[in-house]
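Everything below concerns the one structure shown next.
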Amino acid sequence: MRQSQLFTKTQKETPRDEKSVNAKLLLRGGFIHKEMAGVYTFLPLGFLVLRKIENIIREEMNRIGGQEILMPVLQPKYLWQKTGRWKKGIGEVMYKTLDSPGKEFALGPTHEEILTNIISKYVKSYLDLPLAIYQIQTKFRKEPRARSGLLRGREFGMKDLYSFHPTEQDFKNYYNLVKKSYFRILKRCGLKTIFTEASGAGFTEGFTHEFQVISQGGEDTIVYCSSFHFSQNKEISKSKKGDQCPVCKKILKQSKSIEAGNIFPLGTKYSRAMRAFFINKDGKKKLIIMGSYGIGISRMMGAVVEVFHDEKGIIWPKEIAPFQIHLIEIENTREVKKAAEKLYQDLSSFAPRKRSYGGPTEAFGIGGQKANFEVLYDDRIEKTAGEKFADCDLIGIPTRLVVSERTLAKNSVEIKKRREKKIRLVKINNIKQTLS
RNA sequence: CGGGGCGUGGUGUAAUGGUAGCACGAAUGCUUUGGGAGCAUUUAGCCCGAGUUCGAAUCUCGGCGCCCCGACCA
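Mapping of the first sequence onto numbering that gives the first Met the number 0: residues 0 to 435, in sequence order.
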């Protein structure tokens, strides 16, 4: 992608009202645009990050047998009444809309009702189970107070997985599998998370579980053991900072944190309400045992920025960066321009020639073909070196390549990792090997 | 929903009762080019409504919006 054609530009000044780090940096970098409190447009750079997170999640969900579907955002009232949640619980934060008098709909805040109802129509026998069904979709919740940029929105991206089992044991096994899968997802997104016990939330007598990311920008507080034997959400914890870990006797710590994901044992609460039965091997009718598992996708993007940034900008983890390489040219002499252009063409094998529109980015490709390297090429002639460097620092692409007269004199390009201070010179002929 | 803060060009700000100004951005031209460059010209603004006043960005009331704290958060 040529930066000269990239839809958005960076901003030098931070919007006055924003206090949270993720909102400031994402807005300044041109990743997102705020429509209103808790509602954002994802601009090209932000959309790329979002899609990359989604794809990681999709891969990992498919790996544990998840089947992807897409459920409606607009939902009928009667299903919510069956579980009593039209009025109570999540119903209190549900956007409700009046169609014609007496005909109300909900804007989906979650999908237990919808999916369990569908399951009740299709699943009849133990032979139909177990099942793991997920979707990636925009959710709506009337938050009493949207805040902290992408961390708590009224409209947000979420992956929700629901599992259906014939036995408690089968459910437990799967619950553990999802737990491992979530750790993999979060790790691929660059995040270290702490598995944390939280309130049963009316689903279970025991705990539900949250994947918490330590961050001052978070709105949760957890009490945890630094060796991760123990962690509880402060809301429900009987332990406190300074107590001993029940496993290793280490002193417990307390910290602000961001809830990146959560998993819930649902038992038979929804299958009972929706009459989701199956006939077991022994011919007996039984209720399906369920679990539900969420990861906030837009929130994850915010969380990553909260964790990975410095005073100059964002530092994206490799797998979810909008591009892998930020190629910049400085001193717009004919030689530099020519060399940078050639490098761009070489690295991004399908790279479009100069055109009037930006076109798809390297991550999406043209006709299904993706580039060898995803390159954002700063070909803007009107920008000074300082401005280009500042943009690199703000946008936070992992690897920066610089072509200038100085580097060309040595037949080289300069390579710098966003995470490191070190700058190296690499011969142009060797650059591909160095990068891969 | 309670408490606090705040609404001035696209962004950041100044003017506190008397001509709305500055910087960045954007546009044109020339000069520049290793950390947000220079000169010249141009562009664009007082959240909405009512009131007080000779006169309101400024004072009062109401509304709307944004941020923060709290309550809430499957």
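Where is the CB? At the ideal position from N, CA and C, for every residue including glycine. It should be emphasised that the depicted structure is a prediction, and the values quoted were computed from it without experimental measurement.
Around the Cβ of residue i, are there at least 16 other Cβ atoms within 10 angstroms (buried) or fewer (exposed)?
| i | result |
| --- | --- |
| E361 | buried |
| K233 | buried |
| I380 | exposed |
| Q168 | exposed |
| G205 | exposed |
| M60 | buried |
| N428 | exposed |
| T383 | exposed |
| S226 | exposed |
| Y121 | exposed |
| G152 | buried |
| Q211 | buried |
CB-CB under 7 Å to residue i, same chain, minus the five flanking residues each way: which ones, in chain order?
| i | result |
| --- | --- |
| V401 | I327, I329, V412, E413 |
| H228 | C244, V246, C247 |
| K426 | N410, S411 |
Which residues mark the beginning and the end of the beta strand (DSSP E) in which residue i is found?
| i | result |
| --- | --- |
| M289 | 288-295 |
| T203 | Element bounds for T203: n/a, residue is neither H nor E. |
| A259 | 252-266 |
| S214 | Run containing S214: none; DSSP gives neither H nor E here. |
| K415 | 411-416 |
| G156 | 154-164 |
| F444 | The chain is shown only over 0 to 435; residue 444 falls outside these bounds and no answer can be derived. |
| E103 | 103-106 |
| V374 | 374-377 |
In whole angstroms, what is the alpha-carbon distance linking residue i and residue j?
| i | j | result |
| --- | --- | --- |
| N54 | E209 | 21 Å |
| F307 | P397 | 11 Å |
| I296 | D345 | 33 Å |
| L251 | G217 | 19 Å |
| Y292 | F263 | 6 Å |
| R57 | G385 | 39 Å |
| Y343 | Y376 | 7 Å |
| S214 | L150 | 12 Å |
| G189 | K421 | 21 Å |
| E305 | L185 | 14 Å |
Determine, using beta carbons only, whether residue i and residue j come nearer to each other than 7 Å.
| i | j | result |
| --- | --- | --- |
| I193 | Y223 | yes |
| R423 | I314 | no |
| Q74 | G107 | yes |
| I288 | F170 | yes |
| E334 | R187 | no |
| D392 | G301 | no |
| K280 | Y125 | yes |
In the DSSP assignment, the alpha helix (DSSP H) including residue i goes from what residue to what residue?
| i | result |
| --- | --- |
| R50 | 43-62 |
| V177 | 167-187 |
Can you find the residues in the same chain that come closer than 6 Å, C-beta to C-beta, to residue i, ignoring five residues on each side of it along the sequence?
| i | result |
| --- | --- |
| D378 | R1, S3 |
| K95 | E103, A105 |
| G45 | F30, I31 |
| S236 | V222 |
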